[in-house]
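For reference, the structure discussed in these notes is given below.
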Amino acid sequence: FRNVQLNQIIPVIRQVDAISIIFVMILLAAPQFLRSFRWGLLLSPLEQLSQRLLLPITCIGFLFIWILPARLGEVARPYLLRQNSRLGLSAAMGSVVLERLIDASFLVALLAICLPALQLPGWLLSSFQGFAFLLLSAVVVVLLGSLPQFQRGLLQLVSRILPERLSDFLTNAAENFYSGMQAVVSIKTLLSTLAQTSVIWAAGLAA
């Protein structure tokens, strides 16, 4: 709005259709409601939480994401959830990480579908491929981590390498962290989560 006078803005604002503004506001708010429902679904293997609790935490969390750099606001939701439920910080953080992996996977799949229609420079295509590889690696680690045999093997390896006190601390934190990702074990829950993710992105793109 540099070099723009207020008396030039007011007539433009008066010409805006109020119904269009209301519609856009609904589209902007809808993803937050949907994300809150999806988060509740991801947390359901651990504890059934009401939307009366999750929706305000979701909105506050995303507010912090918008105002803090490097997505530091991601920690706000797990912290607030720990303060208002029986879930631990590690388990809540695990559910947020899983949520982010699902969002990133959906976005990569969407971009992969669109790639044939796009003329991208080589460096950008290489960056996309590198990101997709890292994402796939993270998804594999999460899926393996959901297997009890993998968890036991990993934790036994940690216990052999690190001192006992540090090993016990990391073992407990890792077990709680992976407990927040139990939704991947249930195919029904995972498919429902993916369906909600598609609706969230559709609402976001429409806005």
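All residue numbers for the sequence shown refer to the working numbering, where the first residue is -18 and numbers rise by one. We treat Cβ as the ideally placed atom computed from N, Cα and C, and that holds for glycine.
Exposed unless 16 or more other CB atoms sit within 10 angstroms - verdict on residue i
{"i": "residue 107", "result": "exposed"}
{"i": "residue 150", "result": "exposed"}
{"i": "residue 30", "result": "buried"}
{"i": "residue 137", "result": "exposed"}
{"i": "residue -14", "result": "exposed"}
{"i": "residue 69", "result": "buried"}
{"i": "residue 5", "result": "exposed"}
{"i": "residue -10", "result": "exposed"}
{"i": "residue 1", "result": "exposed"}
{"i": "residue 111", "result": "exposed"}
Sub-9 Å separation of residue i and residue j beta-carbons
{"i": "residue 34", "j": "residue 177", "result": "no"}
{"i": "residue 123", "j": "residue 78", "result": "yes"}
{"i": "residue 126", "j": "residue 117", "result": "no"}
{"i": "residue 71", "j": "residue 158", "result": "yes"}
Proximity winner among the options, relative to residue i (alpha-carbon distances)
{"i": "residue 61", "options": "78, 36 and 50", "result": "36"}
{"i": "residue 80", "options": "109, 162 and 122", "result": "162"}
{"i": "residue 75", "options": "160, 174, 9 and 10", "result": "160"}
{"i": "residue 18", "options": "112, 32 and 8", "result": "32"}
Are the stretch 161 to 170 and the stretch 25 to 33 in contact at 8 Å, needing three or more beta carbon pairs? yes
May I ask you to verify whether the stretch 172 to 183 touches the stretch 76 to 88, counting CB pairs closer than 8 Å and requiring at least 3? yes
Determine contact between the stretch 34 to 44 and the stretch 53 to 60, defined as no fewer than three beta-carbon pairs at a distance below 8 Å. yes
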